[in-house]
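Trainee:
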Amino acid sequence: MLGAQLRAHRTKYRLTQKEMASKLGITREYYARLERGFALPSFALFETICSAMHLVAPHHLTLSNDDGLDYREMCTLCRQLNERDRVEIERLMKGMVG
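Residue numbering for the sequence shown follows the numbering used here, starting at 774 and increasing by one per position.
#1: From TYR803 to ALA794, what distance separates their C-alpha atoms?
#2: GLU808 and LEU779 - do their beta-carbons sit closer together than 8 Å?
#3: Is the distance from the Cβ of ALA825 to the Cβ of LYS785 below 8 Å?
#4: Got a sec? Which residues, its chain only, sit under 6 Å from GLN790 by beta carbon, not counting five neighbours each side?
#5: Could you tell me if PHE857 is buried or exposed, where buried requires 16 or more neighbouring beta carbons within 10 angstroms of its beta carbon?
#6: Let me know if ARG783 comes out buried or exposed under the rule of 16 or more other beta-carbons within 10 Å of its beta-carbon.
#7: Quick check on the burial criterion: 16 or more other C-beta atoms within 10 angstroms. Buried or exposed for PHE819?
#8: Using CA atoms only, rank isn't needed, just tell me which of GLN853, ILE822, ASN855 and PHE816 is closest to MET866.
Shown next as structure tokens:
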């Protein structure tokens, strides 16, 4: 889904993968993996992508929110989870964006 949107945006503005990757501050190879759906961006890169595409990132996917919980705090909390819980949270998050 994200990959198709990246490709549509890139082709709409007649950009090469290298040019789009440069706008995002990543390598062309990594960008190609994102576009083909073989990689998922970090939260920070997701926000950069949304900005480059002139989109508003969904509230629940931004680095911080009105509750004061930011990306670093979420990472700290996730590291405290056991493997089974981490897998379940990853599954839930992928369901929210997919």
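For glycine and all other residues, C-beta sits at the position ideal for the given N, C-alpha and C.
These numbers come from a predicted model, not from an experiment.
Mentor: Put simply:
#1: Note on geometry: alpha-carbon atoms of TYR803 and ALA794 lie some 8 Å from one another.
#2: With respect to GLU808, LEU779 sits close: the two C-beta atoms are nearer than 8 Å.
#3: no
#4: ARG801, TYR804 and ALA805
#5: At residue 857 the sequence reads Arg, which differs from the Phe that was named. Flag for ARG857 reads exposed.
#6: buried
#7: buried
#8: PHE816
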